[in-house]
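Chains A and B supply the protein sequences, listed in that same order.
According to our numbering, the first sequence holds residues 1 to 255 in order.
According to our numbering, the second sequence holds residues 256 to 510 in order.
Note that CB positions come from ideal geometry on N, CA and C, so glycine has one too.
Number of protein chains: 2
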Amino acid sequence: MSADTDDGPTASPLRADARRNREQILRAAREVFTDQGPDAPLDEIARRAGVGIATLYRRFPRRDDLHRGVAVEVLTALIGAANRAAAEEDDACLALRRFLHTALDLKIGSVLPSLLGRFTADDVLDGLPGDAVEPVDALLVRAQAQGRIRPDVVFGDITLVIIRLSRPLPGGGRSAVDDALAHRQLDVYLDGLRPTGSPRPTTPLGGPAVDVEAFKRLRERLIDDAYGARADADDVSHDDSRADARVADVRADDG
Amino acid sequence: MSADTDDGPTASPLRADARRNREQILRAAREVFTDQGPDAPLDEIARRAGVGIATLYRRFPRRDDLHRGVAVEVLTALIGAANRAAAEEDDACLALRRFLHTALDLKIGSVLPSLLGRFTADDVLDGLPGDAVEPVDALLVRAQAQGRIRPDVVFGDITLVIIRLSRPLPGGGRSAVDDALAHRQLDVYLDGLRPTGSPRPTTPLGGPAVDVEAFKRLRERLIDDAYGARADADDVSHDDSRADARVADVRADDG
DNA sequence: CGCCATGTGGAGAGAATTTCTCCGCATGGC
DNA sequence: GCCATGCGGAGAAATTCTCTCCACATGGCG
């Protein structure tokens, strides 16, 4: 992220290492809140950030300050992605698709909903460069006008599903399969939004293909290694899971 | 649930009120584990079950006993639904669809994955009437043979998505919108699994249609009422969310 | 109807976890 | 090279959760 989320002119200039630590803390906080929820222990965040607990408290005296910081960071990235996607002139459906995959990577579903409610709307929204809702809705309307998405689909159908898909499978521990699988699932879901009579895609499904055997291995591993949920991709056949190639596939088949 | 999950001949016959309390505890435990995860405080479970904490400890001396009890209960219901679905001769796709909506209602995604890993496989699987994997996979194969699901879909594509869709939106508090929306999302997802060249459904999307305005209201409510996530269905337009009608729609359009 | 084995509730001690401060030491920047 | 700014970690205080004990209640049987 190149945006430094400048705190404005009121904040005294932070020393270089302090600024670096602040960013590490926010990154760690986003990870930990994603995995464990907004009440996760602060030591864990400090540990993952590689700083002492005192440093964390110095920079974010109350837990809510951390919540706010993470929310601002994630929302800023989200709004940037939305505006960039909306600026694409030609293919609204493809732009929307790419935006949704980005939102999935941001894991907004794991972070935001549990943080909202911890501060008032004004607190956060004031520091943000706009809102993601309008550009995304504009994309949806355009994609529908282009006949690429069925007309009775509404805004919540493309946004609220991201919240669910972006949450890690419960049981602790993020897994590489998890993330790639979410993108595969999103692709299937987006296929389901096409309008009546539109041609079905012939693109093979990307990402991990979990067949019965792989499923049973995953399950066994979950049961036996207590909390060994960090199953890696070794166990399932991979087609492809990079976003670029994914979107390229879509374009080739679809445009 | 009519199955009483009889503990076998070893257990001394429980007094009538004790048996009732035991069921209340299991029901409450399922709810609380669903909402808060497997480490949720036990007082909360006792409170929701309407019993004292001592009663809970008497029936389930260790936390894992509670985990096991809930897992057995949910898995038994799941296996029953799977076998019932697989027994339907004519329309495998419809049966699969109905089963997945049932699994969603069971909220297996919220309960099971976080409980697995808390006990060994044998502990639980011994008490179960089989396994849900085989009948469900058989359904999938049959639906593919009938040309109703694209052939490169694998078992994990229809099961793992349930785990994500059945988790409540984070931020505490279950919401009526949540549950109905998950079914709507599942329907869209299932549409995405149809094979190339199959006709698109003309069925209107059921469940809550969250348009931009409704979305903003939901968001506002989340932010302002700290943890007031129990948004009710009043704010979004409802088409229909009963499973029967949903499946009936599918059949009318699809068969 | 009445007895008693079985079951119940809740207070509270004890354990575990988490919060948050204090102070001696390190280091970036002029 | 100086010093304002920043750092780390120990540990006290607070909070939360666990689990037992015992006086009281009640279902089931004769």
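Listed along chain B, no residue sits closer than 9 Å to A/Gln24 by beta-carbon distance, the nearest being about 24 Å off. Within the segment 155-166 of chain A, Phe155, Gly156, Asp157, Thr159, Leu160, Val161, Ile163, Arg164, Leu165 place their CB atoms closer than 8 Å to a CB of chain B, listed in sequence order.
If you draw a straight line from the Cα of B/Ala398 to the Cα of B/Cys348, it is about 5 Å long. Check the Cα spacing between B/Leu359 and each of B/Ala342, B/Arg303, B/Ile418, B/Val443: the tightest is with B/Ile418.
Here B/Pro463 carries a strand assignment [DSSP, helix/strand/coil]. When CB distances to chain B are screened at a threshold of 8 Å, the residues of the segment 18-49 of chain A falling below it are Gly37, in chain order. At a Cβ-Cβ threshold of 8 Å, A/Val74 and A/Leu42 do not count as neighbours.
The beta carbon of A/Tyr189 sits closer than 8 Å to some beta carbon of chain B. For A/Leu66 against A/Ala29, the beta-carbon gap comes to about 5 Å, under 8 Å, which counts as contact.
Under a criterion of Cβ atoms nearer than 9 Å, the residues of chain A adjacent to B/Val388 are, in order, Val212, Phe215, Lys216, Arg219. By the neighbour-count definition (other C-beta atoms within 10 Å, threshold 16), B/Glu286 is a buried residue.
Excluding sequence positions up to five before and after B/Leu333, its CB lies within less than 7 Å of the CB of Ala358, Leu361, Ile363, Ala387, all in the same chain and listed in chain order.
Beyond the five residues adjoining it in sequence on each side, B/Glu299 comes within less than 7 Å, by CB distance, of Val287 in the same chain, given in chain order. Counting only runs of at least 4 residues, the segment 63-104 of chain A fully encloses the following alpha helix (DSSP H) elements, listed from N- to C-terminal order: 63-87.
Taking 8 Å as the cut-off, the beta carbon of B/Val416 is found no closer than this to the beta carbon of A/Gly156. Positions of the alpha helix (DSSP H) runs, each at least 4 residues long and wholly inside the segment 279-316 of chain B, are given as 297-304, 308-314 in order along the chain.
Here A/Arg148 is near A/Arg194, since their CB atoms are less than 8 Å apart.
Membership of B/Thr414 in the alpha helix (DSSP H) is indicated by the continuous run 410-420. With respect to the 8 Å criterion, A/Leu222 and B/Leu436 are not classified as neighbours on the basis of their beta carbons. Neighbours of B/Leu448 in chain A, taken as residues whose beta carbon is under 7 Å from its own, are Val188 in chain order.
When only Cα atoms are considered, A/Tyr189 and B/Gln401 end up about 22 Å apart. Taking a Cβ-Cβ threshold of 7 Å, none of the residues of chain A is close to B/Asp381; the smallest such distance is about 13 Å. When DSSP states are grouped into helix, strand and coil, A/Ile149 belongs to the coil group.
For B/Leu460, the neighbours in chain A by C-beta distance under 9 Å run, in chain order, Arg150, Asp152, Val153, Val154, Asp157. From the beta-carbon of A/Gln185, the residues of chain B found nearer than 8 Å are Asp412, Leu415, Val416, Arg419, Tyr444. Within the model, the alpha-carbon separation for A/Val136 versus A/Arg27 is close to 26 Å. Residue environment: A/Ala86 is assigned as buried (16 or more neighbouring CB atoms within 10 Å of its CB, all protein chains considered). Distances from the CA of A/Gly206 to each of B/Gly462, B/Leu394, B/Val408, B/Ser421 were compared; the closest alpha carbon is that of B/Val408. Interface criterion not met: the Cβ of A/Leu56 is under 8 Å from no Cβ in chain B. Within the model, the alpha-carbon separation for A/Pro208 versus A/Arg68 is close to 35 Å. Taking a C-beta distance under 8 Å as the contact criterion, B/Gly447 and A/Asp191 qualify as a contact pair. Residues of the segment 76-87 of chain A that bring their beta carbon within less than 7 Å of a beta carbon in chain B are absent altogether. In chain B, no part has a C-beta under 7 Å from the C-beta of A/Asp65; the shortest such distance is about 16 Å. The residue from B/Ser365, B/Leu473, B/Ile280 with its alpha-carbon nearest to that of B/Pro316 is B/Ile280.
About 6 Å separates the CB atoms of A/Asn21 and A/Thr55; that is less than 8 Å, so the two are in contact.
DSSP places A/Ala132 in the coil class of the three-state scheme, outside both helix and strand.
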